[in-house]
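J.:
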Amino acid sequence: MICADTLPESRAVLETGLSRGIPTEVRLVHADPLHRFRVDRGPREELERFIDSMIERKRRGEKIHTSEAILNYQRSLLRGEHVDWTCMAGYKLFFVSAQGKFWICSMVHTDKHIMDVTLDDLYANYRKKSCQKGCGVYCAVSASLLVEKPAQVLGKEIVARAKRIPSMFRRSLTPDADKATHGAIANPDGTAEMNDSTQSGPSAHDPVTLRQSV
2 MICADTLPES RAVLETGLSR GIPTEVRLVH ADPLHRFRVD RGPREELERF
52 IDSMIERKRR GEKIHTSEAI LNYQRSLLRG EHVDWTCMAG YKLFFVSAQG
102 KFWICSMVHT DKHIMDVTLD DLYANYRKKS CQKGCGVYCA VSASLLVEKP
152 AQVLGKEIVA RAKRIPSMFR RSLTPDADKA THGAIANPDG TAEMNDSTQS
202 GPSAHDPVTL RQSV
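Count the sequence shown with the numbering used here and you get residues 2 to 215, in order.
Written out as structure tokens, the structure reads:
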């Protein structure tokens with residue numbers, strides 16, 4: 002979670018994951034349903050530059066796991082811009098507490114048991130909600146944007162992921178990959194070597210004598 006205290010660590014986590022080819026995600030800290038921040042959010046300009054850099058890197062094909070729709074949404078939150086969307090929480094997705102209570106999202110709870118929820122209850126949650134302005138329950142925002150604008154959201158993801166394909170081919174042709182292939186050919190019995198020892202384990206053709214138990 003990106004905030005004033007974690008901004009340097011968030012950058013480091015992102016770089017570490019990407020350098021290892023791991024799809025990586027860091028997200029902006031969000032306010033509670035009453036629009037209160039429990040931590041210092043951090044300097045807007047610096048946070049916005051970080052979000053912008055993730056958008057650009059994602060478009061180049063780097064493995065930024067956050068969707069561009071959410072990155073754009075987070076940038077709008079920083080800028081105080083209005084985003085027109087309808088919250089699907091409690092309809093297309095919901096949470097269930099450890100006690101079996103139906104939660105509209107992780108921040109908005111009800112006392113209704115999940116087994117008592119009806120289809121009408123779910124449909125009733127398909128609406129703009131008073132708490133959705135500035136919402137940071139990104140799973141709810143992501144699902145809502147996907148349902149509302151599937152072509153736009155999925156289209157950008159498909160394009161960004163397609164750009165990863167050339168780099169995947171490049172990695173498969175690196176000297177390390179060639180060396181590993183050559184080693185496997187040069188040492189076809191390599192699976193017999195154990196614990197980095199130069200001595201092999203018993204070959205499949207070596208006789209093995211079993212002692213009789215006494």
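Cβ atoms here follow ideal geometry from the backbone N, Cα and C, with glycine treated the same way.
Going by the DSSP bridge assignment, what does residue 97 pair with across the sheet?
T.: Partner(s): 103.
J.: Flag this pair as yes or no: are the beta carbons of residue 225 and residue 15 separated by less than 7 angstroms?
T.: The displayed coordinates of the chain run from 2 to 215. Any statement about residue 225 would go beyond what the structure contains.
J.: Three Cβ pairs or more, each shorter than 8 angstroms: is that satisfied between the region 108 to 125 and the region 52 to 69?
T.: They do not touch, by the three-pair rule.
J.: Excluding the 5 residues flanking residue 32 on each side, which residues of the same chain have their C-beta closer than 7 angstroms to its C-beta?
T.: Excluding positions up to five away in sequence, the list reads 38, 135 and 137.
J.: Check the DSSP bridge columns for residue 29 and list the partner residues they point to.
T.: Partner(s): 3.
J.: Measure the C-alpha to C-alpha separation of residue 166 and residue 85 and round it to an integer number of angstroms.
T.: Cα to Cα, the separation comes out at about 34 angstroms.
J.: Opposite residue 65 in the DSSP bridges: which residues?
T.: Answer is 25.
J.: From this set, 114, 18, 100 and 96, which residue's C-alpha is nearest residue 106's C-alpha?
T.: With distances taken between Cα atoms, residue 106 lies closest to 96.
J.: Residue 45 and residue 78 - do their beta-carbons sit closer together than 7 angstroms?
T.: Contact flag unset, no.
J.: Out of curiosity, what's the CA-to-CA distance linking residue 60 and residue 90?
T.: Between residue 60 and residue 90, the C-alpha separation is close to 28 angstroms.
J.: Can you tell me which of 125, 160 and 88 puts its alpha carbon nearest to the alpha carbon of residue 133?
T.: Here the closest residue by C-alpha is 88.
J.: Please state if the CB of residue 93 and the CB of residue 148 are separated by a distance shorter than 7 angstroms.
T.: Contact: yes.
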